[in-house]
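Okay, so here's the structure we're looking at.
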Amino acid sequence: MADETRFYEIEPSRENYWRAIILFGRNVASYKFALAKALYDMRHHPNELIRMDELAPVFAKHIADHLIKCDKQATSSKSRFLDLCRAFNKGEITEATLSEQTVRLGFQNVIDAFHNVHGNEVPTRFFVDERNEKSGIRLTDDFFSLSENPTIHDLNIETEARWRLVETAWDLNVSRHVVQISHDDTNKLLHTVTAENRRVTITSSRDALNGYQKGRCFYCFRNITVDSQSFDLADVDHFFPYKLRFCAVNKPINGVANLVLACKECNRGTYGKFDRIPKLHLVDRLHRRNEYLIKSHHPLRETLMLQTGISEPDRRSFLQSAYNCSKTTIISDWAPSACGSAVF
Ligand SMILES: [Zn+2]
Numbered sequence: 014m015a016d017e018t019r020f021y022e023i024e025p026s027r028e029n030y031w032r033a034i035i036l037f038g039r040n041v042a043s044y045k046f047a048l049a050k051a052l053y054d055m056r057h058h059p060n061e062l063i064r065m066d067e068l069a070p071v072f073a074k075h076i077a078d079h080l081i082k083c084d085k086q087a088t089s090s091k092s093r094f095l096d097l098c099r100a101f102n103k104g105e106i107t108e109a110t111l112s113e114q115t116v117r118l119g120f121q122n123v124i125d126a127f128h129n130v131h132g133n134e135v136p137t138r139f140f141v142d143e144r145n146e147k148s149g150i151r152l153t154d155d156f157f158s159l160s161e162n163p164t165i166h167d168l169n170i171e172t173e174a175r176w177r178l179v180e181t182a183w184d185l186n187v188s189r190h191v192v193q194i195s196h197d198d199t200n201k202l203l204h205t206v207t208a209e210n211r212r213v214t215i216t217s218s219r220d221a222l223n224g225y226q227k228g229r230c231f232y233c234f235r236n237i238t239v240d241s242q243s244f245d246l247a248d249v250d251h252f253f254p255y256k257l258r259f260c261a262v263n264k265p266i267n268g269v270a271n272l273v274l275a276c277k278e279c280n281r282g283t284y285g286k287f288d289r290i291p292k293l294h295l296v297d298r299l300h301r302r303n304e305y306l307i308k309s310h311h312p313l314r315e316t317l318m319l320q321t322g323i324s325e326p327d328r329r330s331f332l333q334s335a336y337n338c339s340k341t342t343i344i345s346d347w348a349p350s351a352c353g354s355a356v357f
């Protein structure tokens, strides 16, 4: 199994192809996220064919809304389409003009590139490009099946979280400042600090991490969710207990590299983990999960590399040394009973 495609080959499902599209690969603009969110909004569309003039206002609205939060929505500095969205936000052009111009300028590359991950197209298509024949895109049965799955809401939340991470990284990277992501334990939010030492809140750590675990508990693979109203809302857990944070050589085992999402049973249930050390095979699993974060590029890649090592072997031995050190401090270790097959 190739390293690059392992994420979806290990459990080839529509949800995981969708997640691969959103989480992995390099982006030069945020249009893929806007398209994913527009498709979510239009999932009850009565026809399979969505005309570009129907898609344009929904797509452009997402971009315009994000420009208000973060003015950097592409790596290149000039974009006529983004300027139009900015003009719309200032009330200088109408929604109708924005939509019309979005049909002309807003979809360059994004329709073609949407299904590409690591240079290849994923095997499942969620729409087919029929712009030449029908002035639109045709939603596929795979899209409709995906949209009927309850996880579609989590997928949409994950898209928003990924978008926030990417745009924040672009925004702060202008002065070649390396964007490091930190976690706030109190409110379960990811944040970063600008070159001027200003703290910026980015997104919920649950929303940002759920996709890399395919919506499953890190330990037992039970289904979890990021829906705050649900009983199955994920707990954010420190893999190595918090009190061990200075165990690893020179670097604390803290931050995103040590954060996983767990079900309540594993984290604090009758047979839960609490302050014990997960068994060694779970350290391997954490390493694999962290490599998924690395492959999703900006800005988690930089964060993980700074915290745990530049090369893959370095990162592996960092976790191993943290484990060895932990064992000298805490004697009892812990493993869950599996509640599902190993999918990551
Ligand atoms: Zn669990």
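The sequence shown begins at 14 in the numbering used here and counts up by one. Using N, Cα and C, we set each Cβ at its ideal position, and we do this for glycine too. All of these numbers come straight from a predicted model, not from anything done at the bench.
Which of helix, strand or coil does DSSP assign to residue 107?
coil
Beta strand (DSSP E) containing residue 17: first to last residue?
Run containing residue 17: none; DSSP gives neither H nor E here.
key: Contact between the stretch 161-170 and the stretch 44-56 (3+ Cβ pairs under 8 Å)   = yes
Any chance the stretch 179-188 sits against the stretch 247-260, with 3 or more Cβ pairs inside 8 Å?
no
inquiry  = Nearer than 7 Å: is that true of the beta carbon of residue 278 relative to any heavy atom of ligand 1?
reply    = yes
Check your understanding: Near residue 83, which residues of its chain fall below 7 Å by C-beta distance, leaving aside the five closest residues on each side in sequence?
Key -> 180, 181, 184
- Item | Cβ-based burial, residue 41 [other Cβ within 10 Å; buried from 16] | exposed
- Should residue 87 be counted as a contact of ligand 1 given a C-beta to heavy atom distance under 7 Å? no
Do residue 217 and residue 204 have their C-beta atoms closer together than 8 Å?
no
Please list the terminal residues of the continuous beta strand (DSSP E) segment that includes residue 196. 195-197
If you follow the alpha helix (DSSP H) that residue 46 is part of, which residue opens it and which one closes it?
44-54
Open item on the list: What would DSSP say about residue 234, mapped onto helix, strand or coil?
Closed with: coil
* What is the DSSP secondary structure of residue 204, reduced to helix, strand or coil? -> strand
Residue 24, DSSP secondary structure in three states: coil
- Would you say the stretch 334-350 touches the stretch 284-291, given that touching needs at least three Cβ pairs under 8 Å? yes
Ignoring anything shorter than 4 residues, give me the alpha helix (DSSP H) runs that lie fully in the stretch 78-104, in order along the chain.
93-102
_6 Å CB neighbourhood of residue 267 in its chain, flanking five on each side removed_ = 258
Note to self: Nearer than 7 Å: is that true of the beta carbon of residue 232 relative to any heavy atom of ligand 1?
What the structure shows: yes
Original post:
Any idea what DSSP makes of residue 275, helix, strand or coil?
Top reply: strand
For this session: Have a look at 149, 100, 290 and flag the residue whose alpha-carbon is nearest the alpha-carbon of residue 61.
Result: 149
request  = Take residue 310 and list the residues in its own chain whose beta-carbon comes closer than 6 Å to its own, dropping the five residues that flank it on each side.
outcome  = 39
Residue from 279, 235, 28 whose Cα sits closest to the Cα of residue 156: 28
- Message: In this structure, how does DSSP classify residue 184 when only helix, strand and coil are distinguished?
- Response: helix
* Which residues mark the beginning and the end of the alpha helix (DSSP H) in which residue 152 is found? -> No alpha helix (DSSP H) holds residue 152; the beta strand (DSSP E) holding it covers 149-152.
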